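Heads up, the sequence shown is in the UniProt record's numbering, so the first residue is 1 and it goes up one at a time. Beta carbons are placed, not taken as given, at the ideal position from N, Cα and C, and that holds for glycine. These figures come from a predicted structure and were not determined experimentally. As structure tokens, the structure follows; a few thoughts come after it.
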Amino acid sequence: MNASYATLIGPIELAQHLRDADWVVFDCRADLVDPAFGQRAYDSAHLPGAFFIDLESGLSGPKTGRNGRHPLPDPASLAARLAACGVGTHSQVVAYDDAGGMFAARLWWMLRWLGHRRVAVLDGGLQAWMAAGLALDDEPPRSRSATYTLALGPDRVDTHYVLEHLGRPDMLLLDARSPDRFRGENEVLDPVGGHIPGARNRCFRDNLDARGCFKQASVLREEFAGLLGAHTPRQVVHQCGSGVTACMNLLAMEAAGLTGSRLYAGSWSEWCADPARPVARGPA
1 MNASYATLIG PIELAQHLRD ADWVVFDCRA DLVDPAFGQR AYDSAHLPGA
51 FFIDLESGLS GPKTGRNGRH PLPDPASLAA RLAACGVGTH SQVVAYDDAG
101 GMFAARLWWM LRWLGHRRVA VLDGGLQAWM AAGLALDDEP PRSRSATYTL
151 ALGPDRVDTH YVLEHLGRPD MLLLDARSPD RFRGENEVLD PVGGHIPGAR
201 NRCFRDNLDA RGCFKQASVL REEFAGLLGA HTPRQVVHQC GSGVTACMNL
251 LAMEAAGLTG SRLYAGSWSE WCADPARPVA RGPA
């Protein structure tokens, strides 16, 4: 039986399957303040055979000014884009970046949203790959294509859902932004500082150890249990600034065996676009 990875994969395990016909690797490197960084870094060197997918044009849809900084793309268009890189219904997909997984986790979640569960993030990213002494190259990947069948899952909620459940005990919002941005301080990406009332802060970086890898599942489970209290994982809704770093919290919960939480993809940048929506500032 073929190996199957649904949350994280180590560099040695990935290297053993890098040339497998049913495995597809994506370079998700990005920089929120330098949109050209990812392509530039990929062109310089990447994992052998990896395809590049851009945060702005590949992992996001058109912006309207009201739907956040990284709105979700049309799912059929995304599926077609992935299929053009060889992702079929039964492919094993691996995503990596050089930022602890903050961009790779976005692709990981998006594939799960499309109904695909054989997708994992390279734990430790490019740095772990290089630390293991594994090679990079600058060659374009060979042309591939596949057929992908959409099976959209209930992995996301919208603004209406968040508004409807605000203050109710059956929803727990976890905000993945840095503590200062959560409090409404030092906001540099969005026009309004603060957080959605009732949200709790779990910075995405808190999921990583000193090496830049995800903490052990038992550690993550204990840390999230302290945040969840009496809430079940299914009642957790993750958000951040634009639905990117929140995916790291969702990935961490899944890796810890706390399954079923969901993403508010529009996140703070969509929420604060309407001045009628309530805003909280300061600590939770």
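Outcome for residue i when other beta-carbon atoms lying within 10 angstroms are tallied against a minimum of 16
i: M1; result: With a pLDDT of only 38 at M1, under 50, the local geometry of the prediction cannot be trusted, and no value is derived from it.
i: residue 338; result: In the structure as shown, the chain begins at 1 and stops at 284. Residue 338 is therefore absent and cannot be evaluated.
i: H116; result: buried
i: V236; result: buried
i: E139; result: exposed
i: Q92; result: buried
i: Q239; result: buried
i: R281; result: exposed
i: H195; result: buried
i: G167; result: exposed
i: L55; result: buried
i: T149; result: exposed
i: T159; result: buried
i: H90; result: exposed
i: V25; result: buried
i: R40; result: exposed
i: N186; result: exposed
i: E222; result: exposed
i: A83; result: buried
i: L189; result: exposed
i: residue 293; result: In the structure displayed, the chain extends from 1 to 284; residue 293 sits before or after that span and is not available.
i: E164; result: exposed
i: A256; result: buried
i: S143; result: exposed
i: A95; result: buried
i: V33; result: exposed
i: G243; result: buried
i: D170; result: exposed
i: R118; result: buried
i: A3; result: exposed
Beta bridge counterpart(s) of residue i as assigned by DSSP
i: H92; result: At residue 92 the sequence reads Gln, which differs from the His that was named. The partner list for Q92 (beta bridge, DSSP) reads W23.
i: R156; result: L263
i: V121; result: L8 and A95
i: residue 289; result: Any question about residue 289 goes unanswered here, given that the chain covers just 1 to 284.
i: F52; result: D27
Whole-angstrom C-beta distance between residue j and residue i, which should lie under 8 Å
i: L114; j: P75; result: 6 Å
i: P141; j: F51; result: 5 Å
i: S145; j: G65; result: So it is not a contact: roughly 35 Å between Cβ atoms.
i: T245; j: M110; result: With 8 Å as the limit, T245 and M110 do not qualify as a contact, their Cβ atoms being about 14 Å apart.
i: A120; j: A21; result: Contact flag wrong, Cβ pair sits at about 17 Å.
i: G68; j: S267; result: 6 Å
i: A97; j: C203; result: In the sequence as presented, Ala is not what sits at residue 97; that position holds Asp. Incorrect: roughly 17 Å between the Cβ atoms, too far for contact.
i: N201; j: A265; result: Going by Cβ atoms, the distance from N201 to A265 rounds to 19 Å, so no, they are not a contact pair.
i: A104; j: L78; result: With a Cβ gap of about 16 Å, A104 and L78 do not count as contacting.
i: residue 285; j: L72; result: Only positions 1 to 284 of the chain appear in this structure, which leaves residue 285 out of reach.
Min CB distance residue i to chain C below 8 Å
i: D97; result: Considering every chain present, this structure includes no chain C. It has just one protein chain.
Count the CB pairs spanning the segment 269-276 and the segment 219-230 that are closer than 8 Å, and state whether there are at least three. no
Just checking, does the segment 4-16 make contact with the segment 120-130 on the three C-beta pairs under 8 Å criterion? yes
Is the segment 250-265 in contact with the segment 154-163, if contact means three or more CB pairs nearer than 8 Å? yes
Residue ranges of each alpha helix (DSSP H) run of no fewer than 4 residues wholly in the UniProt domain "Rhodanese" (167-280), ordered along the chain? 179-183, 217-228, 246-255 and 267-271
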